[in-house]
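Novice:
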Amino acid sequence: MANTSAAEQAAQERSPAHLKHYFVSSDQQFDAAKLGMWLFLITEVLLFSGMFVAYAVYRVWYPEVFAVASTELNPWMGGLNTVVLLASSLTVALAIRAAQTDKRRALVVNLFITVLLAGVFMVVKYFEYTHKFHLGIFPGGNFAYAEMNQPIVPIFFSIYYVMTGIHGVHVLVGMGVLSWLGVRAIRGDFHSGYYTPVELSGLYWHLVDIIWIFLFPLLYLI
Amino acid sequence: MTQDMDRSEAAQARDAEEHPAHGDYITHAKSIGSWMFSLDHKRIGILYAVTAAIAFLAAGVFALLVRAELLLPGETFLSAQSYNQLFSLHGIVMVFGFIIPAIPGFLGNFLLPLHLGAKDVAFPRLNLFSYYLYLLGVILIVVAMVVGSVDTGWTFYTPYSARTGPAVLFLAMAVFVAGFASIFTGINFIVTVHKMRAPGMTWNRLPLFVWSIYSTSIVQVLATPVLGITVLLLFLERLLRIGIFDPALGGDPILFQHFFWFYSHPAVYIMILPGFGIVSELIATFSRQRIYGYTAIALSSVAIAMLGFLVWGHHMFVSGQSAISSIIFSLITYLIGIPSGIKVFNWIATMYKGSISFKTPMLYALSFLVLFTIGGVTGIMVGVLAVDIHLHDTYYVVGHFHYVMMGGTVIALLGGLHYWWPKVTGRLYNEVCGQIAAFLIFVGLNLTFFTQLVLGSRGMPRRYHDYLPEFTSLHQLSTIGSWVMGLGLFLVLGYLLVSLFRGKKATANPWGGATLEWTHTGVRPDPHNFHRTPFVTRGPYEFDRIGASRSETVEDHRGADPPDVALNQDRT
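The listed protein sequences correspond, in order, to chains A and W.
In short: position in the first sequence from 1, add 1362, done, that's this note's numbering.
In short: position in the second sequence from 1, add 214, done, that's this note's numbering.
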């Protein structure tokens, strides 16, 4: 009895603040979190896969309509956004490296540059959307663009809005999470012994980037 | 503690002496907040149980009303429109509110960490969040009922869902939200099985319930996102008229069916796989035999989970897919019979020469064997292309899937509920009442659904609120069956409620089970499950070795956790 509580006390003194009581060690906790994140990313890929299937089906059925309708998208705007997102993937990777090597300043700077780049992406997206709304290019049944009045064109733009829209929601969520991490990083929550949230958010951000890498050529280029 | 003695008697008594002040997981904190915001997997399991039970009650009453309308031909007390709304609600509430979350949410949450020898699931906060997502889904269904109901059936096929009232928006949201609850539970359980196992709990020492919950979780994680995007597209279709599924806008309704069944056929395995796990536990414990073919049962769950993704087209034999895809889907559908058959044969072989005790949980397990076999075999028959053209959208299909869902999942859940009732509540239920109820449910279920198989093979179409006079007697038998079944289920509700307050106190291991929740915890588990991390040295069904070894109780490291080497092992 006596030595039980002594052992428990010693164990409590040993364990760092971030270690949850139901884990045995930091390693176990980190491994569990990372496996959980990868599983979550799989579900994200599957969520988008439904939209990619819809895209593929309609593209196979109406290739010429897709070819015509996609000329309405501006590949330079899309290209700019691709470069911006790729750069943000680099900065988030640098942020993880900075956390692993205890460089708090570099961590904070890289996190906020990532948020800034994500903001640039959304601003460009905003201009693309409003330009189309201005022309009367609305999704589906509300489509009112006189120059393209073939029957299936509205479905192309429906798919465009749904895919880029849901991707945009993911970018906004990422901005929120990364900003919050930035605040925590300023507080000094992360160090080489504990950087799980930074690493997991980095994984998420790379996924957002990769989805865009597929969206850009499928919608804008081919 | 080297003598041959049941740990759950002697060691528990000593543990209780050592830790007098803590109280178990129910008594240690009593406020409402300590339940509603609890991160304890056992309490979250009970939250799921209560919510799912309410959903089951509501959806069951809808079913009784639907059956009552069919007692006589012609319109009796429900208009055709309200009939359509009632059977739609019955389906939606049963599927999304009860049968998908019930076993993983209640028994899965309660048992998984106990079975693994862990203190909790890997992500307790995510676990609570899942519960609230599920609750929000149920609330959205209720809102949809108030706003004005839908008549699409639970499948939301376009163009029905494009034409019905705006309440379909709430239902689509409800399914989306409840789907995320299911995804997060799946992620949580997979990580828990991989990373939280106690020292010595190797993959081939996992109880079969864990294997089945693990397979279920794989399906939840891989299939549910597709449902999510499907109902999201349906939602946007109603809201923005995007026209991917609705033929009026140039969309393709068959595409919706592909999307929907890509989730909803695997979802059938989300519903039945946990039932397999429960039945494995019941048959082993009440036959007092090591399970026959442990590896075969464990891996056949995984095989069913994988094959289940490749058969969705068998719901669409008559809705316009190519002949060659129908043939392939039909063939793979037959293949699913193999792992299912492997399980049934192994369970029967487990009972062979066992000392079987016919307690209520075992009665449910035996009912399961009969009913699930009928459900499975009729499933193969509707998987046959030529036969399906005759049986498609008839009562035969209704009878088939109710044999699987009700005769399989619900019966297994009832068996599991009775089996783990003493561990969950610390009380015993009335055994005589239990056996009578099990008998009533078995008889009522067969009366209700076997007549439906006959009705369907004679051409009675499903989802009709009226029928030809020659079907009257069979419909009346089916309705009477639903009353018998309802009586049995209300009896269960009654004596379980009585047991909560008046039941005899249970002991820590009333059935002589050999899994960790029986051998290593008190009458009711502690808030953190185990006084000390279990050190596992045997399989889950070695009844002859319960409490026989020192290693079972970590006695050789008395007063301390197992050595760091053991605790820090690589968990794969």
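Note that CB positions come from ideal geometry on N, CA and C, so glycine has one too.
Small disclaimer: the values here were computed from a predicted structure and weren't measured.
1) Indicate whether at least one CB of chain W lies closer than 9 Å to the CB of F1500 (chain A).
2) Could you check where the alpha helix (DSSP H) with S344 (chain W) kicks off and where it finishes?
3) Contact criterion: CB-CB distance below 9 Å. Does K718 (chain W) meet it with respect to chain A?
4) Out of W:R759, W:P754, W:G761, state which residue places its alpha-carbon closest to the alpha-carbon of F423 (chain W).
5) Output the boundary residues of the alpha helix (DSSP H) element that contains L417 (chain W).
6) Could you pull the start and end residues of the alpha helix (DSSP H) that F572 (chain W) belongs to?
7) Identify, in the order they occur along the chain, each residue of the same chain with its Cβ nearer than 8 Å to the Cβ of T194 (chain W), setting aside the five sequence neighbours on each side.
8) With 9 Å as the limit, tell me which residues of the region 327 to 342 of chain W have their beta carbon closer than that to any beta carbon of chain A; keep them in chain order.
9) Of the residues that make up the region 362 to 380 of chain W, which ones have a beta carbon closer than 7 Å to any beta carbon in chain A?
10) Is N1436 (chain A) helix, strand or coil by DSSP?
11) So, does the CB of S1432 (chain A) fall closer than 9 Å to a CB anywhere in chain W?
12) If you follow the alpha helix (DSSP H) that N660 (chain W) is part of, which residue opens it and which one closes it?
13) Does any residue of chain W have a CB that is nearer than 9 Å to the CB of V1539 (chain A)?
14) Tell whether a beta-carbon distance below 9 Å holds between N341 (chain W) and N402 (chain W).
15) Just verifying my parser: in three-state terms, what is the DSSP assignment at T366 (chain W)?
16) Contact criterion: CB-CB distance below 9 Å. Does N1504 (chain A) meet it with respect to chain W?
17) Figure out for me which residue from A:G1502, A:V1386, A:F1414, A:P1378 has the closest Cα to the Cα of I1528 (chain A).
18) Three or more C-beta pairs under 8 Å: does that hold for the region 618 to 637 of chain W against the region 731 to 748 of chain W?
19) So what does DSSP say about N743 (chain W), is it helix, strand or coil?
20) Name the one or two DSSP bridge partners that T608 (chain W) has.
21) How do the region 460 to 474 of chain W and the region 364 to 382 of chain W stand: do at least 3 beta-carbon pairs fall below 8 Å, yes or no?
22) List the residues of chain A that T444 (chain W) touches, going by C-beta distances under 9 Å, in chain order.
23) Taking only the alpha-carbon atoms, compute the straight-line gap between Y1582 (chain A) and P1501 (chain A) and give it to the nearest angstrom.
24) Taking Cβ positions, are K1487 (chain A) and G1538 (chain A) nearer each other than 9 Å?
25) Find the nearest neighbour of L330 (chain W) within the set W:T751, W:S245, W:P724, judged by alpha-carbon distance.
26) Specify, as a first and last residue, the run of the alpha helix (DSSP H) that G551 (chain W) falls within.
27) How many angstroms separate the CA atom of S514 (chain W) from the CA atom of G726 (chain W)?
28) Give the straight-line distance between the Cα atoms of L209 (chain W) and H614 (chain W), rounded to the nearest whole angstrom.
29) Mind checking if D1551 (chain A) is an interface residue toward chain W, Cβ cutoff 9 Å exclusive?
30) Which whole-angstrom value describes the C-beta separation of A266 (chain W) and F320 (chain W), a residue pair presumed to lie in contact below a C-beta threshold of 8 Å?
31) In chain A, which residues lie less than 8 Å from L469 (chain W) when you measure between Cβ atoms?
32) Give me, in chain order, the residues of the same chain whose beta-carbon lies closer than 8 Å to that of Y1420 (chain A); leave out the 5 immediate sequence neighbours on both sides.
33) Interface residues of chain W around T1526 (chain A) at Cβ under 7 Å?
34) Determine whether the beta carbon atoms of G622 (chain W) and H528 (chain W) lie at a separation below 9 Å.
35) Look up R504 (chain W) in the DSSP assignment and say whether it is helix, strand or coil.
36) Just confirm the distance between the C-beta atoms of K409 (chain W) and N743 (chain W), as a whole number of angstroms; I'd bet it's less than 8 Å.
Specialist: Here's the rundown:
1) By one-based count along the first sequence, residue 1500 (chain A) stands at place 138. Taking Cβ atoms only, chain W reaches closer than 9 Å to F1500 (chain A), which makes this a yes.
2) On the second sequence, position 130 is the one that residue 344 (chain W) refers to. Bounds of the alpha helix (DSSP H) holding S344 (chain W) are 338 to 361.
3) Residue numbering aside, residue 718 (chain W) sits at position 504 when the second sequence is read from its first letter. The beta carbon of K718 (chain W) does not come within 9 Å of any beta carbon belonging to chain A, so the residue lies off that interface.
4) As a working note, residue 423 (chain W) is residue 209 in the second sequence. Of the candidates W:R759, W:P754, W:G761, the one whose C-alpha sits nearest the C-alpha of F423 (chain W) is W:P754.
5) The sequence position of residue 417 (chain W) within the second sequence is 203, counting from 1. Sequence check: residue 417 (chain W) is Trp here, not Leu. First-last for W417 (chain W): undefined, no H or E at that position.
6) Taking the first residue of the second sequence as 1, we reach residue 572 (chain W) at position 358. Neither: F572 (chain W) is in no alpha helix (DSSP H) and is coded neither H nor E.
7) The requested residue 194 (chain W) does not occur in the structure, where chain W is confined to residues 215 to 786.
8) Flagged, chain order: P327, A332, K333, D334, V335, A336, F337, P338, L340.
9) From the region 362 to 380 of chain W, no residue has a Cβ closer than 7 Å to chain A.
10) Translated into the one-based positions of the first sequence, residue 1436 (chain A) becomes position 74. Note: N1436 (chain A) maps to coil in three-state DSSP.
11) Numbered from 1 along the first sequence, position 70 holds the residue referred to as residue 1432 (chain A). Not one beta carbon of chain W lies nearer than 9 Å to the beta carbon of S1432 (chain A).
12) On the second sequence, position 446 is the one that residue 660 (chain W) refers to. Its alpha helix (DSSP H) spans residues 645 to 671.
13) In the first sequence, residue 1539 (chain A) corresponds to position 177, counting from 1. It does not: the Cβ of V1539 (chain A) has no partner Cβ on chain W nearer than 9 Å.
14) For the purposes of this step, residue 341 (chain W) is taken as the residue at position 127 of the second sequence. For the purposes of this step, residue 402 (chain W) is taken as the residue at position 188 of the second sequence. For the 9 Å CB-CB criterion, N341 (chain W) and N402 (chain W) form a contact.
15) By one-based count along the second sequence, residue 366 (chain W) stands at place 152. Look at T366 (chain W) here: in three-state DSSP terms it is coil, with no helix or strand label.
16) Start at 1 with the first residue of the first sequence, and residue 1504 (chain A) comes out as number 142. Closer than 9 Å to some Cβ of chain W, the Cβ of N1504 (chain A) qualifies, so yes.
17) Taking the first residue of the first sequence as 1, we reach residue 1528 (chain A) at position 166. Out of A:G1502, A:V1386, A:F1414, A:P1378, the CA that lies nearest to the CA of I1528 (chain A) is found in A:F1414.
18) Touching, per the Cβ criterion.
19) Translated into positions along the second sequence, residue 743 (chain W) becomes position 529. Residue state, collapsed to three classes: strand.
20) Residue mapping note: residue 608 (chain W) aligns to position 394 of the second sequence, counting from 1. Answer is W:P675, bridged to T608 (chain W).
21) Yes, the region 460 to 474 of chain W is in contact with the region 364 to 382 of chain W.
22) Taking the second sequence and counting its residues from 1, one reaches residue 444 (chain W) at position 230. Result: G1412.
23) Your numbering for residue 1582 (chain A) matches position 220 in the first sequence. Your numbering for residue 1501 (chain A) matches position 139 in the first sequence. If you draw a straight line from the Cα of Y1582 (chain A) to the Cα of P1501 (chain A), it comes to about 17 Å.
24) In the first sequence, residue 1487 (chain A) corresponds to position 125, counting from 1. In the first sequence, residue 1538 (chain A) corresponds to position 176, counting from 1. Against a cut-off of 9 Å, the Cβ pair of G1538 (chain A) and K1487 (chain A) comes out as no contact.
25) Within the second sequence, residue 330 (chain W) is the residue found at index 116, counting from 1. Cα-wise, what sits closest to L330 (chain W) is W:T751.
26) To locate residue 551 (chain W), count along the second sequence from 1; it is residue 337. Element bounds for G551 (chain W): 537 to 565.
27) Position 300 of the second sequence holds residue 514 (chain W). Position 512 of the second sequence holds residue 726 (chain W). The straight-line gap from Cα to Cα measures roughly 27 Å.
28) A question about residue 209 (chain W) goes unanswered here, because the residues of chain W that appear run from 215 up to 786.
29) Looking up residue 1551 (chain A) in the first sequence gives position 189. Not one chain W Cβ lies under 9 Å of D1551 (chain A).
30) In the second sequence, the residue the question calls residue 266 (chain W) occupies position 52. In the second sequence, the residue the question calls residue 320 (chain W) occupies position 106. That belief holds up - the Cβ atoms of A266 (chain W) and F320 (chain W) are roughly 6 Å apart, short of 8 Å.
31) Working through the second sequence from its first residue, we reach residue 469 (chain W) at position 255. Contact of L469 (chain W) with chain A by beta-carbon distance below 8 Å involves A1416, V1419.
32) For the purposes of this step, residue 1420 (chain A) is taken as residue 58 along the first sequence, with counting starting at 1. F1428, I1514, I1517, F1518, I1521, listed in sequence order.
33) Position 164 of the first sequence, counting from 1, holds the residue named residue 1526 (chain A). For T1526 (chain A), there are no C-beta contacts with chain W under 7 Å, since the nearest C-beta of that chain is about 13 Å from it.
34) Stepping through the second sequence from its first residue, residue 622 (chain W) is reached at position 408. Stepping through the second sequence from its first residue, residue 528 (chain W) is reached at position 314. No; because the gap between Cβ atoms is not below 9 Å, this pair is not in contact.
35) Looking up residue 504 (chain W) in the second sequence gives position 290. Looking at R504 (chain W) - three-state DSSP - the assignment turns out to be coil, as it is neither helix nor strand.
36) Start at 1 with the first residue of the second sequence, and residue 409 (chain W) comes out as number 195. Start at 1 with the first residue of the second sequence, and residue 743 (chain W) comes out as number 529. At roughly 16 Å, the Cβ-Cβ gap does not stay under 8 Å, so K409 (chain W) and N743 (chain W) are not in contact.
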